[in-house]
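> Counting from 8, one number per residue, gives the positions in the sequence shown under this note's numbering.
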Amino acid sequence: MSSGLPGTPHPGSSRHVRMVQETDWGEVPAVPSWLVTPYLDDGMGLKARANLWTPDTNFGGAVSSRIKVPTHNNVEGDFTTALWPHHTSFLIAMAMTRLGASGEGNLNSYTVDHFTPVDPRRYLGAMARSMRLAVSGTGDQDTRLTLGLVAAEEIAHPDAETLSADDFDYDAIEVVPFLHSHSTLRISTILAVDVEQWEWASENELALGPYRSGVTTYMWAARRTTTLSLTKVNYDGDLNDALRAGVPVTFEANFIHPAGHLLQVKFPRLFVAESPEDGTPSKLAKESPRFEAAADDRGIDVKWAVDLAGGGTTTMPGFTTTTAGA
8 MSSGLPGTPH PGSSRHVRMV QETDWGEVPA VPSWLVTPYL DDGMGLKARA NLWTPDTNFG
68 GAVSSRIKVP THNNVEGDFT TALWPHHTSF LIAMAMTRLG ASGEGNLNSY TVDHFTPVDP
128 RRYLGAMARS MRLAVSGTGD QDTRLTLGLV AAEEIAHPDA ETLSADDFDY DAIEVVPFLH
188 SHSTLRISTI LAVDVEQWEW ASENELALGP YRSGVTTYMW AARRTTTLSL TKVNYDGDLN
248 DALRAGVPVT FEANFIHPAG HLLQVKFPRL FVAESPEDGT PSKLAKESPR FEAAADDRGI
308 DVKWAVDLAG GGTTTMPGFT TTTAGA
């Protein structure tokens with residue numbers, strides 16, 4: 008039955024995303040093993056944006072120039088999803104795992120397919136410029152992972168005529184994502200267990216090479232900056248003392264799952280950058296410190312591990328996790 012609209016109107020639920028790690032930057036593996044991950048809300052923001060050059064010349068119009076020169080496209084945007092147990096390691100590693108024996112090389116790159124009923128498209132050479140893991144304090148277990156992606160180019164999908172929603176298989180997705188269990192902040196010997204909400208943010212200093220014929224020629228991730236922000240009740244001056252003395256603190260967060268999967272995140276060395284306080288007279292006084300992470304003696308600024316019930320454990324060096332299901 009006609010909707011009164013032209014073309015192919017469709018709900019957002021008809022759109023799907025899949026991604027695969029590349030062996031060579033900007034090239035789809037010969038036999039790709041796709042990870043099909045659902046996104047939250049309008050969580051697929053990766054898309055090309057045109058750069059238009061308007062020459063500042065006395066030719067082409069005095070008030071409004073008629074000269075617009077498309078030079079190249081910037082392909083970037085956020086991808087936001089939940090912490091699906093079997094996908095969490097893959098997604099965090101996109102932003103946090105570096106190549107090379109020392110772990111100080113470049114990031115891995117990825118091909119990302121975005122299927123829409125009207126314009127299936129492919130993104131080549133995508134890397135994670137940033138990552139944010141946010142835990143709300145609303146009690147609804149709202150935990151979101153957002154990757155800030157940058158790609159070398161966006162193209163019309165080469166299989167647009169045959170690609171369909173049936174090519175996106177969600178059978179490996181469990182209905183329930185990881186649920187935040189508890190978080191603790193240790194300041195010297197003091198353990199604070201009243202952390203209400205927090206956000207881990209990592210920024211990779213992603214350099215993009217010169218544009219040739221509208222395509223980026225290289226992408227390289229340099230030094231990473233990692234911060235942690237949180238909110239807790241202001242019942243002592245320990246954070247202010249740590250800031251004034253330049254004393255590092257530690258932070259640990261634990262996530263659970265009905266099937267017995269576990270996720271742990273640890274910051275071994277955090278320095279208090281600032282600790283603003285909310286002293287609104289009608290409210291309970293709270294503090295919202297922001298920390299900057301530094302590497303420990305193993306060169307690690309953040310430790311994270313996923314233990315999957317029934318196997319498939321991912322761990323970091325020097326990081327021991329609780330056995331899933333124990």
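Quick reminder that beta carbons are idealized off the backbone N, C-alpha and C, glycines included.
Remember, predicted model here, so these are calculated numbers, not experimental data.
Of the choices 137, 75, 181 and 206, whose alpha-carbon is the least far from that of residue 84?
Along the sequence shown, one-based indexing puts residue 84 at 77. Closest option to residue 84, Cα to Cα, is 137.
> Checking 7 Å against the spacing of the C-beta atoms, do residue 293 and residue 285 come in under that value?
Stepping through the sequence shown from its first residue, residue 293 is reached at position 286. Stepping through the sequence shown from its first residue, residue 285 is reached at position 278. Yes, the Cβ-Cβ distance between residue 293 and residue 285 is below 7 Å.
> In whole angstroms, give me the CA-to-CA distance for residue 154 and residue 68.
One-based indexing of the sequence shown puts residue 154 at position 147. One-based indexing of the sequence shown puts residue 68 at position 61. Approximately 42 Å, taken between the alpha carbons.
> Quick one, which of 118, 248, 187 and 209 has its alpha-carbon nearest residue 161's?
Within the sequence shown, the letter at position 154 stands for residue 161. That would be 118, whose Cα lies nearest to the Cα of residue 161.
> For residue 50, count neighbouring C-beta atoms within 10 Å of its own C-beta (all shown protein chains included) and say buried if the count is 16 or more, exposed if not.
Position 43 of the sequence shown, counted from the first residue, corresponds to residue 50. With 16 or more Cβ atoms within 10 Å of its Cβ, residue 50 is classed as buried.
> Roughly how many angstroms lie between the CA atoms of residue 278 and residue 37, to the nearest whole one?
Here residue 278 corresponds to residue number 271 of the sequence shown, with the count starting at 1. Here residue 37 corresponds to residue number 30 of the sequence shown, with the count starting at 1. Approximately 45 Å, taken between the alpha carbons.
> Keeping to the same chain, check which residues put their C-beta closer than 6 Å to that of residue 35; ignore five residues upstream and five downstream.
In the sequence shown, counting from the first residue as 1, residue 35 sits at position 28. Cβ within range, chain order: 118.
> Pick helix, strand or coil for residue 295, following the three-state DSSP scheme.
Reading the sequence shown from its first residue, position 288 is the one you call residue 295. In the structure shown, residue 295 sits in coil (DSSP, three-state: anything other than H, G, I, E or B).
> Taking Cβ to Cβ, would you say residue 55 is nearer than 7 Å to residue 82?
To locate residue 55, count along the sequence shown from 1; it is residue 48. To locate residue 82, count along the sequence shown from 1; it is residue 75. Going by C-beta atoms, residue 55 is nearer than 7 Å to residue 82.
> Who pairs with residue 277 in a beta bridge, going by DSSP?
Reading the sequence shown from its first residue, position 270 is the one you call residue 277. 256 and 300, per the DSSP bridge assignment.
> My output table needs one value for residue 305: the three-state DSSP class, helix, strand or coil.
Here residue 305 is taken as the residue at index 298 of the sequence shown, counted from 1. Residue 305 falls in the coil class under three-state DSSP.
> Check whether the segment 121 to 129 touches the segment 18 to 25, counting contact only when three or more Cβ pairs, one atom from each stretch, lie closer than 8 Å.
These segments touch.
> So is residue 211 buried or exposed if we call it buried at 16+ other beta carbons inside 10 Å?
Your numbering for residue 211 matches position 204 in the sequence shown. Buried, since its Cβ has 16 or more Cβ neighbours within 10 Å.
> Under the three-state reduction of DSSP, which class applies to residue 92: helix, strand or coil?
Counting from one through the sequence shown, the residue named residue 92 turns up at place 85. Three-state result, residue 92: helix.
> Any idea if residue 142 is buried or exposed, counting beta-carbon neighbours within 10 angstroms, 16 or more meaning buried?
Sequence index remark: in the sequence shown, residue 142 carries index 135 (1-based). Looking at its Cβ environment, which holds 16 or more other Cβ atoms inside 10 Å, residue 142 is buried.
> List the endpoints of the continuous beta strand (DSSP E) containing residue 239.
Residue numbering aside, residue 239 sits at position 232 when the sequence shown is read from its first letter. Taken as a continuous stretch (DSSP letters only), the beta strand (DSSP E) holding residue 239 covers 226 to 240.
> If distances are taken between C-alpha atoms only, which option among 15, 135 and 257 comes closest to residue 199?
Your numbering for residue 199 matches position 192 in the sequence shown. The residue with the shortest Cα to Cα distance from residue 199 is 257.
> Grab me the residues of residue 133's own chain with a C-beta within less than 6 Å of its C-beta, minus the 5 sequence neighbours each way, in chain order.
One-based indexing of the sequence shown puts residue 133 at position 126. The answer, listed in chain order, is 117, 119, 156 and 158.
> Residue 173 to residue 307, Cα distance in whole Å?
Position 166 of the sequence shown, counting from 1, holds the residue named residue 173. Position 300 of the sequence shown, counting from 1, holds the residue named residue 307. If you take the alpha carbons of residue 173 and residue 307, they lie about 41 Å apart.
> Only counting the same chain, and skipping five residues up and downstream in sequence, which positions put a Cβ closer than 7 Å to that of residue 328?
Numbered from its first residue, the sequence shown carries residue 328 at position 321. Only weak support exists for where residue 328 lies, its pLDDT of 42 falling under 50; the coordinates are left without a value.
> Once you ignore the five residues that flank residue 39 on each side, which residues in its own chain have a CB closer than 8 Å to its CB?
For the purposes of this step, residue 39 is taken as the residue at position 32 of the sequence shown. Cβ neighbours of residue 39 beyond the five flanking positions: 27 and 118.
> Look up residue 12 in the DSSP assignment and give the residues it is bridged to.
As a first step, residue 12 is located in the sequence shown; it is residue number 5 there, counting from the start. DSSP lists no partner for residue 12.
> State whether the segment 247 to 261 contacts the segment 187 to 196, with contact taken as three or more CB pairs (one from each stretch) at a distance under 8 Å.
Counting Cβ pairs under 8 Å, three or more are found: they touch.
> By DSSP, does residue 334 sit in helix, in strand, or in coil?
The structure shown does not extend to residue 334, since the chain spans only 8 to 333, so no value can be given for it.
> Rounded to the nearest angstrom, what separates residue 233 and residue 222 at their Cα positions?
On the sequence shown, residue 233 is found 226 positions in, with the first residue counted as 1. On the sequence shown, residue 222 is found 215 positions in, with the first residue counted as 1. Near 30 Å, if we compare the C-alpha coordinates of residue 222 and residue 233.
> Going by CA-CA distance only, name the one from 267, 275, 241 and 165 that's closest to residue 254.
For the purposes of this step, residue 254 is taken as the residue at position 247 of the sequence shown. Residue 254 has its Cα closest to that of 275, out of 267, 275, 241 and 165.
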